[in-house]
Amino acid sequence: SPEVAWVTKAGDSDLPEPIAIRPTSETIMYPSYADWIRSYRDLPLKLNQWTNVVRWEFKQPTPFIRTREFLWQEGHTAHATKEEAVELVYKILDLYKMLYEELLAVPVVQGVKSEMEKFAG
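Here you go:
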């Protein structure tokens, strides 16, 4: 993905393998589910994660609005049914809407990201 930042040098030395700087957390979270979920009794699994990510999404970042490195909040869940997962998605989206509109006085326009707005990774 062109948005991923790669480290290829350490000081003056070339690295034997490029290292991706965390663009997202799915690569660590979802393989861990096999360790955390052993049966349906372990569901639903609901995790909230705050982490720094790096994205090379645009030529000129905007200081204080969006830089290449930013704090990212992610929710990771596993459910017994698709219906349970979809229900939680809408519940969380409604919570975000309430937070922005009622506490921060920021209007919200709900919608779906276009393909251009989605992270390719």
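The sequence shown runs 3 to 123 under this note's numbering. Beta carbons are placed, not taken as given, at the ideal position from N, Cα and C, and that holds for glycine.
What is the residue span of the alpha helix (DSSP H) that residue i lies within?
i: glutamate 76; result: Taken as a continuous stretch (DSSP letters only), glutamate 76 belongs to no alpha helix (DSSP H), being part of the beta strand (DSSP E) at 71-80.
i: valine 110; result: Where valine 110 is concerned, there is no enclosing alpha helix (DSSP H), given that its DSSP letter is neither H nor E.
i: methionine 100; result: 84-100
Checking the sheet assignment: what are the DSSP bridge partners for residue i?
i: tryptophan 58; result: Answer is none; tryptophan 58 lacks a bridge partner.
i: serine 15; result: Ala12
For residue i, collect the residues of the same chain with a Cβ closer than 8 Å to its Cβ; drop the 5 residues on either side in sequence, then sort them by chain order.
i: serine 41; result: none
i: isoleucine 39; result: Leu45, Leu47, Ala80
i: lysine 99; result: Val110, Gln112
i: leucine 95; result: Gln112
i: proline 49; result: Here the sequence assigns leucine to residue 49, which means proline is not the residue at that position. Cβ within range, chain order: Met31, Gly77, His78, Thr79.
Can you tell me where the beta strand (DSSP E) holding residue i begins and where it ends?
i: lysine 11; result: 8-12
Please return the same chain residues whose Cβ sits closer than 6 Å to the Cβ of residue i, not counting the five positions on each side in sequence.
i: methionine 31; result: His78
i: valine 108; result: Tyr102
Between residue i and the rest of its own chain, which residues show a CB-CB distance below 7 Å, the 5 nearest in sequence each way excluded?
i: glutamate 86; result: Pro46
Residue ranges of each beta strand (DSSP E) run of no fewer than 3 residues wholly in the segment 18-50, ordered along the chain?
none
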